[in-house]
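Below you'll find the structure, written out as structure tokens, and then a few comments.
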Amino acid sequence: MNKIIIGIAALCLTLASCEKDNYDGPDSGLTGRFIDAESGQLVEQDIIRGTQIEIIEHGYDPVTPQYLIVKTDGTYENSMLFSNTYTVKPVRGNFINVEAQEVQITGRTTLDFTVTPYIRITNASITRSGDKVRATFNIEQNVINNVKKIGLYAHQDARVGEPMRQVAAEQQLNAVADPAHQYSLEIDVPSNSSVLKSGRAYYFRIGALIDVGEAKLNYAPAVKVDL
């Protein structure tokens with residue numbers, strides 16, 4: 510009799526375990542782009558400590574927000590979500606605030622954000638001249654706050670930026686930028702020979718930071734330079 514009871518108990522545990530294992534996994538995803546409202550170009554980001562997208566799934570209490578990372582090119586994708594209604598809001602970005610919105614995520618759902626970046630870096634040029642890599646550019650502001658700093662960042666990875674750099678040349682501005690002024694920054698290659706190796710290729714990227722709380726840098730696209 511005891512053996513029968515033990516056998517029934519074991520069967521119940523097995524069935525319960527199978528039931529847990531058979532729960533449906535994530536069946537949907539969210540993908541999209543951050544698009545400059547004026548230029549139509551993607552708004553580039555930092556892969557580390559850059560813009561994030563806060564998503565809150567409805568129907569749970571308490572709710573723990575999830576945060577999606579935005580890629581350096583201004584696109585994002587998460588394919589591990591459940592079909593449901595979510596509140597979606599970009600946070601800690603390099604653009605003027607975007608309001609939260611409710612989104613029904615079912616299957617592969619696309620949600621683009623049309624934004625106004627704090628700063629546009631225009632007429633960007635990065636070239637090697639002798640022992641130096643030189644960047645020239647203009648700055649177009651979309652808010653009245655000061656531009657805190659500008660920078661030229663170098664790394665072997667194409668995702669180079671202020672938090673992901675091997676070498677940097679930065680200049681503190683702390684002023685409103687002059688859109689007619691051509692700014693320039695240089696990195697001296699021999700002075701950084703312990704990091705910038707001759708015969709290798711590196712990516713260089715221009716960035717500028719607005720003086721707004723939690724703002725991230727705005728960027729021009731990275732340029733590959735052979736040293």
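For the sequence shown, the positions run 510 to 736 when my numbering is used. Cβ atoms here follow ideal geometry from the backbone N, Cα and C, with glycine treated the same way. Only a predicted model underlies this, so the values are computations on that prediction, with no experimental measurement involved.
Does DSSP put residue i in a helix, a strand or coil?
{"i": "Pro699", "result": "helix"}
{"i": "Asn647", "result": "strand"}
{"i": "Pro730", "result": "coil"}
{"i": "His567", "result": "coil"}
{"i": "Tyr692", "result": "strand"}
{"i": "Pro626", "result": "strand"}
{"i": "Gln561", "result": "strand"}
{"i": "Asn683", "result": "strand"}
{"i": "Ala724", "result": "coil"}
{"i": "Lys706", "result": "coil"}
{"i": "Ala609", "result": "coil"}
{"i": "Leu736", "result": "coil"}
{"i": "Val552", "result": "coil"}
{"i": "Arg668", "result": "coil"}
{"i": "Asp545", "result": "strand"}
{"i": "Met510", "result": "Unreliable positioning characterises Met510 in this predicted model, as indicated by a pLDDT of 47, which lies under 50. The coordinate reading is nonetheless provided below. DSSP places Met510 in coil when its eight states are reduced to three."}
Are the Cβ atoms of residue i and residue j separated by less than 8 angstroms?
{"i": "Gly670", "j": "Thr581", "result": "yes"}
{"i": "Val552", "j": "Asn603", "result": "yes"}
{"i": "Lys641", "j": "Val698", "result": "yes"}
{"i": "Thr540", "j": "Glu586", "result": "yes"}
{"i": "Ala677", "j": "Gly660", "result": "yes"}
{"i": "Asn683", "j": "Asn655", "result": "yes"}
{"i": "Gln561", "j": "Val600", "result": "yes"}
{"i": "Gln731", "j": "Phe713", "result": "Rather than Gln, the amino acid found at residue 731 in this sequence is Ala. Contact flag set, yes."}
{"i": "Arg643", "j": "Tyr662", "result": "no"}
{"i": "Ile564", "j": "Val597", "result": "yes"}
{"i": "Ala542", "j": "Thr584", "result": "As written in the sequence, residue 542 is Arg, which differs from the Ala given in the question. Cβ atoms of Arg542 and Thr584: closer than 8 angstroms."}
{"i": "Gln681", "j": "Thr645", "result": "no"}
{"i": "Ile544", "j": "Asp666", "result": "no"}
{"i": "Ala710", "j": "Thr623", "result": "no"}
{"i": "Gly538", "j": "Leu590", "result": "yes"}
{"i": "Val734", "j": "Ile635", "result": "yes"}
{"i": "Asn593", "j": "Glu566", "result": "yes"}
{"i": "Leu705", "j": "Leu736", "result": "yes"}
Run through the DSSP bridge pairs and tell me what residue i is partnered with.
{"i": "Asp678", "result": "Before going further, note that residue 678 is Ala rather than Asp in the sequence given. Answer is Leu661, bridged to Ala678."}
{"i": "Ala539", "result": "Rather than Ala, the amino acid found at residue 539 in this sequence is Leu. According to DSSP, which records beta bridges pairwise, Leu539 is partnered with Asn587 and Thr618."}
{"i": "Thr636", "result": "Arg643"}
{"i": "Val597", "result": "Ile564 and Gln610"}
{"i": "Val656", "result": "Ala684 and Ile719"}
May I ask you to check if the CB of residue i is nearer than 7 angstroms to at least one heavy atom of the ligand PLP?
{"i": "Val597", "result": "The ligand PLP is not among the ligands present in this structure, which contains no ligands whatsoever."}
Taking only runs that begin and end inside the segment 570-594, name each unbroken beta strand (DSSP E) of 3 or more residues, in chain order. Fully enclosed beta strand (DSSP E) runs of 3 or longer: 575-578 and 584-590.
Please confirm if the segment 717-736 is in contact with the segment 552-568, defined as three or more CB-CB distances below 8 angstroms between the two stretches. By the criterion of at least three beta-carbon pairs nearer than 8 angstroms, the segment 717-736 is in contact with the segment 552-568.
Check whether the segment 624-638 and the segment 710-719 touch, using three or more Cβ-Cβ pairs below 8 angstroms as the test. Contact between the segment 624-638 and the segment 710-719 is established, with three or more Cβ pairs separated by less than 8 angstroms.
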